[in-house]
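In terms of my numbering, the sequence shown is residues -8 to 60.
All C-beta atoms, glycine included, are put in the ideal place defined by N, C-alpha and C.
Predicted model, so just to flag it, every value in this text is computed and none were measured.
Structure record follows, encoded as structure tokens.
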Amino acid sequence: IEAGNLPEGTIDQVDELTEKWTKRVADLGFEDGGDMDELPEWYSADDDWSAWAKDLWENTGALDHRPGA
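What follows is the structure in structure tokens.
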């Protein structure tokens, strides 16, 4: 931002999106168990992330960028 590479408000936008998606993930029943270094300790390969993936695709505009959209 200070170097002129990002528009003003970017940090606030990232903070807002982090809060929004942290809540959405929690609402789907997932818990943040730690950082990437600790991932093998808290992440289960048996977790079904389908609901999260669907929510992400439908609510971020990603579908607008699919071929034929």
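Contact set for residue i: own chain, Cβ-Cβ below 7 Å, skip 5 residues either direction
{"i": "Pro31", "result": "none"}
{"i": "Trp33", "result": "Gly24 and Gly25"}
Residue i, DSSP secondary structure in three states
{"i": "Asn50", "result": "helix"}
{"i": "Ala17", "result": "helix"}
{"i": "Asp28", "result": "helix"}
{"i": "Glu(-1)", "result": "coil"}
{"i": "Glu10", "result": "helix"}
{"i": "Asp39", "result": "coil"}
{"i": "Ala(-6)", "result": "coil"}
Close-in-space but distant-in-sequence residues of the same chain around residue i (CB under 8 Å, 5 per side omitted)
{"i": "Thr13", "result": "Asp23"}
{"i": "Asp46", "result": "Arg15 and Leu19"}
Any non-hydrogen atom of the ligand PLP within 7 Å of residue i CB
{"i": "Pro58", "result": "Looking at this structure, you won't find the ligand PLP or any other ligand, since it has none at all."}
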